[in-house]
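Taking it in order: structure first as C-alpha cells, then the write-up.
Number of protein chains: 2
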Amino acid sequence: MIVAMSRYDPSAFPPFAVTVDLVVLTVRDHALCALLVRRGEPPFQGYWALPGGFVRLDEGLAEAASRELAEETGLRAHSAPEHGSVGAHLEQLATYGHPQRDPRMRVVSVAYLVLAPDLPTPRPGGDASSARWAPVAELLGGNPADGVPLAFDHGLILADGVERARSKIEYSSLATAFCSAEFTVGELRRVYEAVWGVSLDPRNFHRKVTGTPGFLLPSGGTTTRQGGRPAQLFTAGGATDLNPPMLRPES
Amino acid sequence: MIVAMSRYDPSAFPPFAVTVDLVVLTVRDHALCALLVRRGEPPFQGYWALPGGFVRLDEGLAEAASRELAEETGLRAHSAPEHGSVGAHLEQLATYGHPQRDPRMRVVSVAYLVLAPDLPTPRPGGDASSARWAPVAELLGGNPADGVPLAFDHGLILADGVERARSKIEYSSLATAFCSAEFTVGELRRVYEAVWGVSLDPRNFHRKVTGTPGFLLPSGGTTTRQGGRPAQLFTAGGATDLNPPMLRPES
DNA sequence: GTGCTTATCGTCAGAGAGACGACTATGATC
DNA sequence: GATCATAGTCGTCTCTCTGACGATAAGCAC
C-alpha cells in the first residue's frame with residue numbers, strides 16, 4: 001500500500017497552515033450575538049471575521065483556542081463544565097479545509113464554539129473599533145443585503161456554530177453557560193428564547209427545568225432584577241444531560 | 001493586534017502535516033465492528049490502527065477521506081444520504097491535534113466517521129492479512145488486556161466515533177446506512193441492537209419505525225431471509241431526522 | 001388602593017413509550 | 001400432514017411527559 005508506506009514519512013509531507021477560529025456566542029438584549037473582529041489587511045480587508053489565529057507548533061488545538069479567546073476577550077474557558085463557574089464553555093465545532101478557502105495558502109481551520117455569559121464590555125484586543133457583538137439574526141438572515149458578508153467561509157462556520165448551540169441546549173444543560181453564576185428560571189428561559197428565536201410558556205418551562213434532577217441548584221437567595229415578583233436564584237447543577245430533552249417547538 | 005497582523009502571513013507559518021483518519025463502522029454477526037489496518041513500519045509497528053493518510057494539497061478534507069475509503073475498501077461514500085444507495089454514509093467526526101500524538105512530527109488529524117453496510121469481503125488494500133473487522137466491544141471493553149491497544153490516539157478516536165454513531169441513530173434515520181438497499185424491519189432492529197448493545201422489543205420497534213413518516217418506504221417485496229414469517233421489504237425514506245427520537249434504553 | 005409585571009403552582013387532554021397478549025406465515029421435524 | 005420453532009405484525013393498557021391553559025403570589029409605579 002503506497003499510501004500507508006508514505007503516510008508518516010517525515011521528510012516529505014504536504015505542509016499546511018493550521019488555525020483556530022472561534023464562534024463566540026452570548027445573549028445580549030434578548031438576542032443571540034456572535035463576536036466579530038474587523039480585518040485590517042487583505043484579503044477581505046475591512047470585512048468582519050471570526051476571531052482566531054495560528055496554532056503554534058507546541059500547543060494543542062483546544063489550548064490554542066483557549067489562548068485566542070483570552071487574548072480577544074479576557075475570558076477563561078473550560079472544556080469541562082464547572083459548577084457556578086464564571087468561565088465560558090468551549091468545545092470543538094468542526095474543521096474546515098477547502099483548498100481555496102484562503103486565497104494565498106492552504107489553511108485548515110479548526111473551529112471552536114464558545115458559549116459565554118453576557119460580558120460587561122466587549123473590549124477585544126483593547127481596540128474597541130475592531131470588534132463587536134453582532135446579532136446572529138442579522139448575520140444569517142438569509143438576506144445578504146443586511147450587512148457585509150463575513151470574510152472567508154466564516155459565514156458557514158458561524159451558521160454551523162449557531163446550529164450546534166441551538167441543538168445542544170435541547171439535550172444538555174449548556175444553556176446555563178450563557179448565564180452568570182446565579183440566575184433565575186426566567187433568565188434561563190430568556191436564554192432559550194433568544195437562542196431559538198421563539199417564545200416559551202413560562203409555566204411549562206418552569207416545570208420542566210425545576211423538575212429535571214441536577215439541572216438547577218437553589219442557591220438560597222431571591223432577586224427582583226427583572227421586576228415583578230421576586231424570583232428564586234439558582235446555580236447550574238451537576239447534570240450535563242437533559243433526559244428527556246427539551247425540544248424546540250416545531251418550526 | 002499582533003496576532004491579527006501575523007495571522008495569515010504566508011511567509012512564516014508553522015508547518016503542520018494534516019491527515020484524515022477513518023472510523024469505518026459496520027454490523028457483522030450481530031456486533032458493531034470497526035475497520036482496522038496493521039501498521040507495517042514504526043512507530044507502532046505491528047499495531048492495529050485506523051485507516052487513513054495524508055491530505056493532499058489540492059484536495060478537500062472530505063475528499064481525502066472519501067479517497068482513502070475507496071482505496072482501503074472500495075466503498076463509495078456520500079456526505080449526503082441518497083435513497084436506496086449502496087454507498088456508505090460519511091461525516092466529519094472531530095479533529096485531533098495533540099502536539100505529541102505522533103512522536104516524529106506535528107500532525108493534525110481530521111477524523112471521519114463512515115457507516116457502511118456489511119461488506120461482502122473485507123479486502124482492504126488487497127492485502128487481507130493487513131486489515132480486519134474488529135468488534136468494538138473488544139476494542140473498547142475497558143480491559144486493555146483483551147487486545148493490543150491501537151496505535152497513536154486511535155483508541156480515543158474510535159471511542160468518539162462509536163459514541164457519535166450510537167447517539168446519532170437516536171435522532172436520525174442513519175441506522176439505515178448499515179443496511180443494504182432493501183431491508184426488513186427486523187434487520188433494522190438488529191442494527192440498533194448491535195450498535196447499542198441492547199435488546200429491543202420487536203413489537204414496539206416495529207410500531208415506532210413504521211409509524212414515523214418518511215423513515216421507511218415499502219419496496220413491495222417480501223423476504224424470508226431470516227426464517228419465520230416473510231417480512232416486508234423497505235428502502236430508506238427521505239426523512240433524515242427522527243422526531244421524536246428513538247432513545248436508547250436507560251443504562 | 002389599582003394596575004402592571006413576573007414568578008410559581010395546578011389542572012386537563014393528548015401524544016408517545018414500555019410492557020406484553022394475540023395472531024400470522026413461513027420452514028423444520030416428526 | 002401435524003406439530004413445533006421462528007420471526008413478523010397488530011392491538012391494548014398504563015404511565016410519563018408535554019402543551020395549553022387558569023389561578024394565585026409578590027414585587028413596583030401611580
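If you read the protein sequences in the order shown, they are chains A and B.
Note that UniProt numbering gives residue 214 to position 214 of the first sequence, counting from 1, and the numbers run on in steps of one.
Note that UniProt numbering gives residue 173 to position 173 of the second sequence, counting from 1, and the numbers run on in steps of one.
Backbone N, C-alpha and C fix where the C-beta goes; we use that ideal spot for every residue, glycine too.
| said: According to DSSP, V162(A) sits in a beta bridge with which residue or residues? | reply: The partner list for V162(A) (beta bridge, DSSP) is empty, contrary to what the question assumes.
| query | If we cut at 8 Å on Cβ distances, does H98(A) have a partner in chain B? | reply | Yes, H98(A) counts as interfacial toward chain B.
| query | When DSSP labels each residue in this structure, what does V198(A) get in the three-state scheme? | reply | DSSP, read as helix, strand or coil, puts V198(A) in coil.
| Pick from V55(A), Q100(A) and D160(A): whose alpha carbon is nearest that of Q92(B)? | D160(A)
| request: Using the Cα positions of E138(B) and R132(B), report the straight-line distance between them to the nearest angstrom. | output: 13 Å
| What residue does the alpha helix (DSSP H) around T73(B) start on, and which one ends it? | Annotation: the continuous alpha helix (DSSP H) that includes T73(B) extends over L61 to T73.
| query | So what does DSSP say about M5(B), is it helix, strand or coil? | reply | Here the model assigns M5(B) a pLDDT of 43, short of 50, so the residue's position is not dependable, and the following value carries that caveat. Residue state, collapsed to three classes: helix.
| query | G46(A) to R38(A), Cα distance in whole Å? | reply | 6 Å
| N- and C-terminal bounds of the alpha helix (DSSP H) containing A137(B) | V136 to L139
| request: Answer with buried or exposed for E72(B), where buried requires no fewer than 16 other C-beta atoms within 10 angstroms of its C-beta. | output: buried
| Identified DSSP bridge partners for Q92(B) | Y112(B)
| How many angstroms separate the CA atom of F205(A) from the CA atom of R189(A)? | Taking the straight line from one Cα to the other gives about 7 Å.
| Using the beta-carbon count (16 or more within 10 Å), is V148(B) buried or exposed? | exposed
| query | Is R92(A) close to chain B, meaning its C-beta is less than 8 Å from at least one C-beta of that chain? | reply | Looking at the sequence itself, residue 92(A) is Gln, so the reference to Arg does not match. In terms of beta-carbon proximity, Q92(A) lines the interface with chain B, with at least one pair separated by less than 8 Å.
| query | At a CB-CB cut-off below 7 Å, which residues of chain A make contact with L57(B)? | reply | Contacts between L57(B) and chain A, judged by CB atoms closer than 7 Å, involve P14 and R106 in chain order.
| task | State the DSSP-derived secondary structure class of A128(A), mapped to helix, strand or coil. | result | Note on A128(A): pLDDT 49, under 50, position unreliable in the model; the coordinate value appears next. Of the three classes helix, strand and coil, the one that applies to A128(A) here is helix, per DSSP.
| said: Can you confirm whether the segment 166–181 of chain A touches the segment 230–240 of chain A when touching is taken to mean that 3 or more C-beta pairs between the two stretches lie within less than 8 Å? | reply: yes
| Is L188(A) helix, strand or coil when you go by DSSP? | helix
| Which whole runs of the beta strand (DSSP E) in the segment 28–62 of chain B are 3 residues long or more, in chain order? | 31–38 and 52–54
| Alpha-carbon to alpha-carbon, G227(B) and T212(B) | 26 Å
| said: I want to verify the contact list: residues of chain B whose CB lies under 8 Å from the CB of V110(A), in sequence order. | reply: T95, G97 and V108
| task | For L174(B), count neighbouring Cβ atoms within 10 angstroms of its own Cβ and tell me buried if that reaches 16, exposed if not. | result | buried
| said: I need the straight-line Cα distance from G84(B) to R166(B), nearest angstrom please. | reply: Since pLDDT at G84(B) reaches only 48, below the 50 mark, its modelled position is unreliable, and the value read off the structure follows with that caveat. Rounded to the nearest angstrom, the two C-alpha atoms are 22 Å apart.
| query | Any C-beta of chain A sitting closer than 8 Å to the C-beta of G60(B)? | reply | yes
| field | G141(A) classed as buried or exposed, judged by whether at least 16 other C-beta atoms fall within 10 angstroms | value | exposed
| said: So F54(B) and P14(A) are supposed to be a Cβ contact under 8 Å. How far apart are they, rounded? | reply: Rounded to whole angstroms, the Cβ separation of F54(B) and P14(A) is 6 Å, and the two are in contact under 8 Å.
| query | Are V24(B) and V107(B) close, meaning C-beta to C-beta below 8 Å? | reply | Not a contact, by the Cβ cut-off of 8 Å.
| task | Can you give me the Cβ contacts of T223(A) inside the same chain, cut-off strictly under 7 Å, excluding the 5 residues immediately before and after it? | result | Once the five neighbours on either side are set aside, the close Cβ partners of T223(A) are T184, P230, A231 and L233.
| message | At the level of alpha carbons, what is the spacing between V27(A) and V162(A)? | response | 12 Å
| request: Determine whether the Cβ of F215(A) lies closer than 8 Å to any Cβ atom of chain B. | output: no
| field | Proximity to L32(A) [Cα-Cα], best of G52(A), A116(A) and V209(A) | value | Closest by alpha carbon: A116(A).
| query | Does the ligand PLP have a heavy atom nearer than 7 Å to the CB of G40(A)? | reply | The model on display carries no ligand, and the ligand PLP is accordingly not part of it.
| request: Could you tell me whether the Cβ atoms of S172(A) and D241(A) are closer together than 8 Å? | output: yes
| said: If I follow the unbroken beta strand (DSSP E) through L216(A), where does it start and stop? | reply: L216 to T223
| Going by the beta-carbon positions, is the gap between D21(A) and G40(A) smaller than 8 Å? | The answer is no: Cβ separation not under 8 Å.
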